[in-house]
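Inspection log for the structure reproduced underneath, given as C-alpha cells.
Protein chains: 2
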Amino acid sequence: MVRKFTINRIKNLLQIKFPIIQAGMVWVSGWKLASAVSNNGGLGLIGSGSMKPELLKEHIQKCRVATDHSFGVNLPLLRGDADELAKVIIDENVKIVFTSAGHPGKYIDIFKKNNITVIHVVSSLKFALKAESVGCDAVVGEGVEAGGHNGLDELTTFSLIPQLVDALKIPVIAAGGISDGRGILAALSLGAEAVQIGTRFAVTQESSAHINYKNAVVNAKDKDTHLVLKKLGMARVIKNKFSQEITEMELNCVDLETQKEALSSKREMKGIFEGNLEEGMLEASQSSGLINDIPTVEELMKRIVTEYNSAYKAIKIL
Amino acid sequence: MVRKFTINRIKNLLQIKFPIIQAGMVWVSGWKLASAVSNNGGLGLIGSGSMKPELLKEHIQKCRVATDHSFGVNLPLLRGDADELAKVIIDENVKIVFTSAGHPGKYIDIFKKNNITVIHVVSSLKFALKAESVGCDAVVGEGVEAGGHNGLDELTTFSLIPQLVDALKIPVIAAGGISDGRGILAALSLGAEAVQIGTRFAVTQESSAHINYKNAVVNAKDKDTHLVLKKLGMARVIKNKFSQEITEMELNCVDLETQKEALSSKREMKGIFEGNLEEGMLEASQSSGLINDIPTVEELMKRIVTEYNSAYKAIKIL
Numbered sequence: 001m002v003r004k005f006t007i008n009r010i011k012n013l014l015q016i017k018f019p020i021i022q023a024g025m026v027w028v029s030g031w032k033l034a035s036a037v038s039n040n041g042g043l044g045l046i047g048s049g050s051m052k053p054e055l056l057k058e059h060i061q062k063c064r065v066a067t068d069h070s071f072g073v074n075l076p077l078l079r080g081d082a083d084e085l086a087k088v089i090i091d092e093n094v095k096i097v098f099t100s101a102g103h104p105g106k107y108i109d110i111f112k113k114n115n116i117t118v119i120h121v122v123s124s125l126k127f128a129l130k131a132e133s134v135g136c137d138a139v140v141g142e143g144v145e146a147g148g149h150n151g152l153d154e155l156t157t158f159s160l161i162p163q164l165v166d167a168l169k170i171p172v173i174a175a176g177g178i179s180d181g182r183g184i185l186a187a188l189s190l191g192a193e194a195v196q197i198g199t200r201f202a203v204t205q206e207s208s209a210h211i212n213y214k215n216a217v218v219n220a221k222d223k224d225t226h227l228v229l230k231k232l233g234m235a236r237v238i239k240n241k242f243s244q245e246i247t248e249m250e251l252n253c254v255d256l257e258t259q260k261e262a263l264s265s266k267r268e269m270k271g272i273f274e275g276n277l278e279e280g281m282l283e284a285s286q287s288s289g290l291i292n293d294i295p296t297v298e299e300l301m302k303r304i305v306t307e308y309n310s311a312y313k314a315i316k317i318l
Numbered sequence: 001m002v003r004k005f006t007i008n009r010i011k012n013l014l015q016i017k018f019p020i021i022q023a024g025m026v027w028v029s030g031w032k033l034a035s036a037v038s039n040n041g042g043l044g045l046i047g048s049g050s051m052k053p054e055l056l057k058e059h060i061q062k063c064r065v066a067t068d069h070s071f072g073v074n075l076p077l078l079r080g081d082a083d084e085l086a087k088v089i090i091d092e093n094v095k096i097v098f099t100s101a102g103h104p105g106k107y108i109d110i111f112k113k114n115n116i117t118v119i120h121v122v123s124s125l126k127f128a129l130k131a132e133s134v135g136c137d138a139v140v141g142e143g144v145e146a147g148g149h150n151g152l153d154e155l156t157t158f159s160l161i162p163q164l165v166d167a168l169k170i171p172v173i174a175a176g177g178i179s180d181g182r183g184i185l186a187a188l189s190l191g192a193e194a195v196q197i198g199t200r201f202a203v204t205q206e207s208s209a210h211i212n213y214k215n216a217v218v219n220a221k222d223k224d225t226h227l228v229l230k231k232l233g234m235a236r237v238i239k240n241k242f243s244q245e246i247t248e249m250e251l252n253c254v255d256l257e258t259q260k261e262a263l264s265s266k267r268e269m270k271g272i273f274e275g276n277l278e279e280g281m282l283e284a285s286q287s288s289g290l291i292n293d294i295p296t297v298e299e300l301m302k303r304i305v306t307e308y309n310s311a312y313k314a315i316k317i318l
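This is the structure:
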C-alpha cells in the first residue's frame, strides 16, 4: 500500500521537535529522565506504574519545574489505584497520557473533557481498532521485541506496524526493538509517524534504574533476553537465575500456583531499582545488544539523530 | 553506529537490478517462480528442500531456459541426500547457493572451488560469525516473523539485522516479515543490503503452492500465524486444526514421541502443495495480514518497487 501520512501529525499533536518518545517505565522514568528527554527535543513520559499517587504528584510537579516543554504520564490501566492516579493526572493539569494494560475507554471521557491527549499502547490490530473507536488520538504499536510486559500475540514490530498503519486513521507510533537512529528510520519507513523507545533511555545517566541493571543491559548480547511468565503477565527480561528458574517451571508445566509463589512480588523493583541481578526481573528489549554505553540523554539524542540522518542519506531510490 | 555500507555489494555480487531475493521454499519455488523473479529484476531461488536430486536437475535446466538472468538454489544442509543435491548444483553449473539448516562450512570448499557464491541463512549473531569465518559471501539474517522453519532464539528482524550489520564485514540480507516496499525500505534502513522475501512470492500466480494455501494466506489477519513444534523443528504456520492440536500437546507437556506421531510426515506437502487446510502445515509469515491478492510476479515486482519509492519519498531528514 502506498504511504498515506507524514510524520508531522505526531510532532504537531505532542509539540515536539523530533518524533521520539521515551517510554514510561517502572522504576526508571521519573521526572529526571522525562524532563531531560523533553528538554532535548523528544517527549518524556513519567512512568506511574511504580508510583503511589502522592509520588506521581511530586514527579509531575518537579518535571514541570525542570522543563518548559511538553511531557506526559504513562498510566497502566489495570493498576488497583488507577482511579487515584488518573485523578492526579487531571488535577495536576498534565496534557498528555499514554495508557496501557487495560481497556482504552476506561478514562477516555474524563480525559477528553479535560483536553488531555490520550494515546494507547496496543499489540494487535484488534486492540488498535478499539482504541481508535473509543476516541484515542494515536496508538503505540508495540512489538514483542520490546522489554517488559508485552502482548501475548507476539507480533513483531516489523509485522505489526504496517498492518496498523493500513487499518487506522489515527497515527501509529512504533515501539519494540528500537535503540538507535537506524531503528527510527526503519519504523518511519514502515509507516509509523513517531517511535517510542524504552530500554535505550533506561540506560542513560538520568534514568533512575540501578547501575547494576544498566550494566546488565550494556553487557547483554543478541540472545540474552527471553519471554517469561506467559501465563502470569508475559514480559521480556534479561536471562538470569530467576528467569531461568521460572522458564524451567513453564517448560515442565508446573502448576500456576507454584509459579505464582516463585514469582512473588516486587521482582521488578528488586531487579531494576535495587540491582539484584540474580533474583530480580531485568526487563529489557531484544535490542539490548545494540546498547553499549550509559550516555546522558543529551548525548544520546544527538547521537540517534545523527545516526538517523546518516542512515537516511545512505538509502537510495530503487 | 553510523552506517557502513551501501546496497551495491549484493546487487553486484548477484548481478541483479533490485536488491530483492525470492526465498527458496518447499513445494513453492520451482523453475517457474524462480525464473519469473529473475526475469523481473530480482534473484529467484529454486527451493531444493522438497526435491529429489533428479527433479532438482530438471528444475535447474528449465530455469536456465526460462531466464538469461542469474538465479540460485536453496540447499537445506540437514537433508539426508544433501550430498547428492550439492553434486547436482555443481554439475549443473549453478553459480549461487543459499544454504540453510546446518553447518555453513559443510560444502564451502567444494562450492568455492567451483566459483559458487555461497550465502548462509542465520538466526543469530553466533551463526552469522561462523558463516563469515568459514568463507560465506553474505548471510541472510532471518527474523522469527518469517514463515516456515526458523531459529529457536526467536530474534526478530528489527533486533537481529542491525546487530549482524555491526558485527560482520560481509553483507547482510534481511528476511522475515517483509511483504511490501515499506518493508524493504525498513530493512535497508537497518543496514541490510538486500532483502529475502518468502510468503509474498509464495502467493503469486507462478508459485506452485496450491490455490487453497494461497487463499489461506490472503485471508489471514495479523494474529493468524503462530510458532509450533518448538522441540521438533520450530516453524511458523497459519493456525489450523493440526497446528492447534500440536500446540495443545506442547502446552500440556505431552511427551515428544506422541507429538512426533501426531506430526507424522509430509505435513508441509499436505498443506502447501495439496491444499489440505485442516491437516497440513501452512507455513507463512506473520506479515500474511499484508498479503491480499495473488498477482503475477511481474505485477508484484512493479508494485513493491513503487511502494518502496513512495515510502522513500515520504521520509525526511530529522
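Going line by line, the protein sequences match chains B and R.
Just so you know, we're using my numbering here: the first sequence kicks off at 1 and counts up by one.
Just so you know, we're using my numbering here: the second sequence kicks off at 1 and counts up by one.
Virtual Cβ for every residue (Gly too), placed ideally from N, Cα, C.
Quick caveat: nothing in here was measured; it's all calculated off a predicted structure.
Supposed contact pair residue j and residue i - C-beta distance, whole angstroms, cut 8 Å
| i | j | result |
| --- | --- | --- |
| R:Val-97 | R:Ile-89 | 6 Å |
| R:Leu-77 | R:Thr-99 | 6 Å |
| B:Ser-189 | B:Leu-155 | Not a contact, Cβ separation roughly 18 Å. |
| R:Phe-158 | B:Ala-186 | 7 Å |
| R:Ala-311 | R:Arg-182 | 5 Å |
| B:Trp-31 | B:Ile-16 | At roughly 17 Å, the Cβ-Cβ gap does not stay under 8 Å, so B:Trp-31 and B:Ile-16 are not in contact. |
| B:Val-228 | B:Thr-247 | 6 Å |
| R:Ile-238 | R:Asp-222 | Actually they are not in contact, since the Cβ atoms of R:Ile-238 and R:Asp-222 sit about 12 Å apart, beyond 8 Å. |
Which of helix, strand or coil DSSP assigns to residue i
| i | result |
| --- | --- |
| B:Glu-250 | helix |
| B:Met-1 | Because the pLDDT of B:Met-1 is 49, which lies under 50, any placement of that residue in the model is unreliable, and the number read from its coordinates should be weighed accordingly. The answer is coil: DSSP assigns B:Met-1 none of H, G, I, E or B. |
| R:Gln-259 | helix |
| B:Ile-116 | coil |
| B:His-69 | coil |
| B:Phe-98 | strand |
| B:Arg-236 | strand |
| R:Leu-77 | coil |
| B:Gly-42 | coil |
| B:Leu-14 | helix |
| R:Gly-141 | strand |
| B:Thr-306 | helix |
| R:Ala-194 | strand |
| R:Gly-271 | helix |
| R:Ile-108 | helix |
| R:Val-297 | helix |
| B:Ile-20 | strand |
Residue i at chain B interface by Cβ criterion, 9 Å
| i | result |
| --- | --- |
| R:Lys-223 | yes |
| R:Phe-158 | yes |
| R:Glu-298 | no |
| R:Tyr-312 | yes |
| R:Val-118 | no |
| R:His-226 | yes |
| R:Ala-187 | yes |
| R:Asp-166 | yes |
| R:Pro-162 | yes |
| R:Leu-155 | yes |
| R:Asn-309 | yes |
| R:Leu-318 | yes |
Exposure of residue i, with buried meaning 16 or more beta-carbon neighbours within 10 Å
| i | result |
| --- | --- |
| R:Cys-253 | exposed |
| R:Gln-196 | buried |
| B:Val-94 | buried |
| B:Leu-290 | buried |
| B:Val-2 | Unreliable placement is indicated for B:Val-2, whose pLDDT of 48 sits below 50; no coordinate value is reported for it. |
| R:Ile-178 | buried |
| R:Val-37 | buried |
| R:Asn-276 | buried |
Below-9 Å beta-carbon distance, residue i vs any chain R residue
| i | result |
| --- | --- |
| B:Asn-252 | yes |
| B:Asp-255 | no |
| B:Pro-171 | no |
| B:Gln-244 | no |
| B:Pro-53 | no |
| B:Gly-44 | no |
| B:Asp-68 | no |
| B:Glu-248 | no |
Between the segment 265-289 of chain B and chain R, which residues of the former have CB atoms less than 8 Å from a CB of the latter, in chain order? Ser-285, Gln-286, Ser-287, Gly-289
Residues, ordered as in the chain, of the segment 122-142 of chain R that lie near chain B by beta-carbon distance below 7 Å: Ser-124, Leu-125
Taking any Cβ of chain B, which residues in the segment 84-112 of chain R have a Cβ under 8 Å from it, in chain order? none
Please identify, using Cβ separations under 7 Å, the residues of the segment 8-38 of chain B that lie next to chain R, in order along the chain. Phe-18
Using a Cβ-Cβ cutoff of 9 Å, what residues of the segment 182-210 of chain B are near chain R? List them in chain order. Arg-182, Gly-183, Ile-184, Leu-185, Ala-186, Ala-187, Leu-188, Ser-189, Leu-190, Gly-191
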